[in-house]
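All letters in the sequence shown, in the order written, are residues 1 to 150 by the working numbering. See structure below.
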Amino acid sequence: MAHPERVVLIDGSNLVYRAFFALPGNLMTSSGLKTNAILGFATMFRKLFAAKTPALGAVVFDAPGKTFRDEKFPQYKATRERMPDDLRAQLPHVHRVCEAHGFRTLRVPGVEADDVIGTLTRLAVEAGHEVHIISTDKDFAQLVRDEVRL
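Here it is as structure tokens:
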């Protein structure tokens, strides 16, 4: 039997927030665009995929706007602060970093990145693939099994 192909699913929303808050906010271009999230994210990518970019993979981000959970439960994440404008301005550049490393970026309107990753994980396992999820979100631990690593 052939070795299962590895699928890498990256929680882009999780990693970009970590990158944004990990580096000082005074990093910027000459035009004033903050670059702390871009630099931090690119550094993480280089470390993660220094040897080889997987053939199958995607970086999943939260789509702007409300999700199906917001519609059903108005208090869902009601106290969460909105994304900082300095981070929002860096997102198109972070997407280009992903694409430059050979990854597609996904955003599904009305669905959080976590739910998209969960669905893609199930579909990949059903298709016979091994899945590696890259995130610091402990909620993904519920998906771990022989074919799924975190």
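Cβ atoms here follow ideal geometry from the backbone N, Cα and C, with glycine treated the same way.
Taking the straight line between their C-alpha atoms, what separation do you get for residue i and residue j?
{"i": "T105", "j": "V59", "result": "5 Å"}
{"i": "L120", "j": "L23", "result": "31 Å"}
{"i": "R69", "j": "A100", "result": "33 Å"}
{"i": "C98", "j": "F20", "result": "16 Å"}
{"i": "K52", "j": "F103", "result": "12 Å"}
{"i": "D115", "j": "A89", "result": "24 Å"}
{"i": "E112", "j": "S30", "result": "34 Å"}
{"i": "R82", "j": "V131", "result": "31 Å"}
If you drop the 5 nearest sequence neighbours on each side, which residues of the same chain put their C-beta closer than 7 Å to that of residue i?
{"i": "P109", "result": "A63 and G65"}
{"i": "F49", "result": "H101"}
{"i": "A55", "result": "E5"}
I'd like to know whether the C-beta atoms of residue i and residue j end up nearer to each other than 8 Å.
{"i": "A37", "j": "V16", "result": "yes"}
{"i": "N61", "j": "G118", "result": "Looking at the sequence shown, residue 61 is not Asn but Phe. Taking 8 Å as the Cβ cut-off, F61 and G118 do not qualify as a contacting pair."}
{"i": "L9", "j": "G57", "result": "yes"}
{"i": "V148", "j": "I133", "result": "yes"}
{"i": "N26", "j": "D137", "result": "no"}
Can you list, in chain order, the residues of its chain whose CB lies under 8 Å from that of residue i, leaving out five sequence neighbours each side?
{"i": "P84", "result": "F20"}
{"i": "M28", "result": "K34 and T35"}
{"i": "D139", "result": "D114"}
{"i": "L39", "result": "A19, L23 and L27"}
Does the stretch 137-145 come close enough to the stretch 42-54 to have 3 or more Cβ pairs within less than 8 Å?
no
Can you find at least 3 beta carbon pairs, one from the stretch 86-93 and one from the stretch 120-135, that sit closer than 8 Å?
Contact annotation: the stretch 86-93 does not touch the stretch 120-135, with fewer than three C-beta pairs closer than 8 Å.
Which runs of the alpha helix (DSSP H) spanning at least 4 residues fall entirely within the stretch 60-121, listed in chain order?
68-72 and 85-100
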